[in-house]
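Worksheet for the structure shown next.
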Amino acid sequence: KRDATTNRTYGYGRATIIAALLNAGVLVAVALFIGYESLSRLNDPREIAGGVVALVASVGIVINGIIAWQLSRQKHDLNARSAYTNMLYDTLSSVGALIAGLAIMLTGWTWLDALVGITISLMLLRATIKIIRESLGVLLEGVPEDIDLNAVQDAISKTKGVLKVDDLHIWSIRSGYNSLSCHVIVQEVDLVNSRKIIESVKKKLLEEHRIQHATIEVELEDCVTHEVHEVL
Numbered sequence: 273k274r275d276a277t278t279n280r281t282y283g284y285g286r287a288t289i290i291a292a293l294l295n296a297g298v299l300v301a302v303a304l305f306i307g308y309e310s311l312s313r314l315n316d317p318r319e320i321a322g323g324v325v326a327l328v329a330s331v332g333i334v335i336n337g338i339i340a341w342q343l344s345r346q347k348h349d350l351n352a353r354s355a356y357t358n359m360l361y362d363t364l365s366s367v368g369a370l371i372a373g374l375a376i377m378l379t380g381w382t383w384l385d386a387l388v389g390i391t392i393s394l395m396l397l398r399a400t401i402k403i404i405r406e407s408l409g410v411l412l413e414g415v416p417e418d419i420d421l422n423a424v425q426d427a428i429s430k431t432k433g434v435l436k437v438d439d440l441h442i443w444s445i446r447s448g449y450n451s452l453s454c455h456v457i458v459q460e461v462d463l464v465n466s467r468k469i470i471e472s473v474k475k476k477l478l479e480e481h482r483i484q485h486a487t488i489e490v491e492l493e494d495c496v497t498h499e500v501h502e503v504l
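Quick note, in our numbering, the sequence shown goes up one by one and the last residue is 504.
Pasting the structure below:
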């Protein structure tokens, strides 16, 4: 939430992405640990007090469930989604432990505890890998997953007065705040209307593609052709 500075002209929004990536790294370690412990218990079954497991799990369901529900309303933010994933799978683990605890009380099948652990581990690993992929995508300034670059390029090209789009880049500054830079080619007769053309493009980008920050440079068709001839 801190304002941008002369050294951080985009502000500190990326800090949430770094936090999400660090949290996801911890979750991967947790998932692997749970999986390892569960597999070892399959090979070496241990006595489990089903009643105690069920009781502790019931408390976990209430506490973690409430926190997960609160975080679910902020899932548009990658960092909040990372924390939500953490609490959601804590809740699911508690649900699994409750079911396993009750089943162990009735049947004595202690291997059910290990089976639940392996299942939760795999589910958590799958969800966490998705968060890592999205975090790295933002940090590497890739095109946001919810934006189609070709559709954006087509939308700009179809704006009245635009002949062509060049040097198009789309990235996220932080979760939910997308940026774009590009060159638009116009005819010389439309140069006087370049400001209106840019405003039309920016309005379309915001309303149709959720791109809040756009930097657009206008070029003349003759200038582009001339530059190409010079390079050749």
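All C-beta atoms, glycine included, are put in the ideal place defined by N, C-alpha and C.
Beta-carbon gap between residue i and residue j smaller than 8 angstroms
i	j	result
residue 292	residue 364	no
residue 307	residue 390	yes
residue 452	residue 486	yes
residue 433	residue 465	yes
residue 329	residue 369	yes
residue 314	residue 386	yes
residue 435	residue 463	no
residue 470	residue 483	no
residue 360	residue 299	no
residue 332	residue 310	no
residue 419	residue 442	yes
residue 223	residue 412	This structure cannot speak to residue 223, because the chain is shown only from 273 to 504.
residue 480	residue 382	no
Bounding residues of the beta strand (DSSP E) (the contiguous stretch that carries residue i)
i	result
residue 353	Counting along the chain, residue 353 falls outside any beta strand (DSSP E), though it belongs to the alpha helix (DSSP H) covering 350-379.
Cβ neighbour criterion (16 or more within 10 Å) applied to residue i
i	result
residue 407	buried
residue 279	exposed
residue 282	exposed
residue 376	buried
residue 384	buried
residue 503	Note that residue 503 has pLDDT 41, beneath the 50 cutoff, so the model's placement of it is unreliable and the number below is only indicative. Its Cβ having fewer than 16 others within 10 Å, residue 503 is exposed.
residue 362	buried
residue 334	exposed
residue 388	buried
Cutoff 7 angstroms; reference residue i; Cβ partners in own chain excluding five residues on either side
i	result
residue 352	343, 346
residue 425	437, 440
residue 312	none
Range covered by the alpha helix (DSSP H) that runs through residue i
i	result
residue 398	383-411
residue 417	It is not in any alpha helix (DSSP H) - residue 417 carries neither H nor E in the DSSP assignment.
residue 426	421-429
residue 474	466-481
residue 286	286-315
Sequence-distant residues of its chain with Cβ nearer than 6 angstroms to residue i (five each side left out)
i	result
residue 431	472, 473
residue 296	354, 400, 403, 404
residue 447	349, 350
residue 325	369, 373
residue 445	282, 285, 451
residue 357	399
residue 505	The structure shown does not extend to residue 505, since the chain spans only 273 to 504, so no value can be given for it.
residue 416	444, 450
For residue i: DSSP bridge partner residues
i	result
residue 438	455
residue 487	453
residue 446	449
residue 492	458
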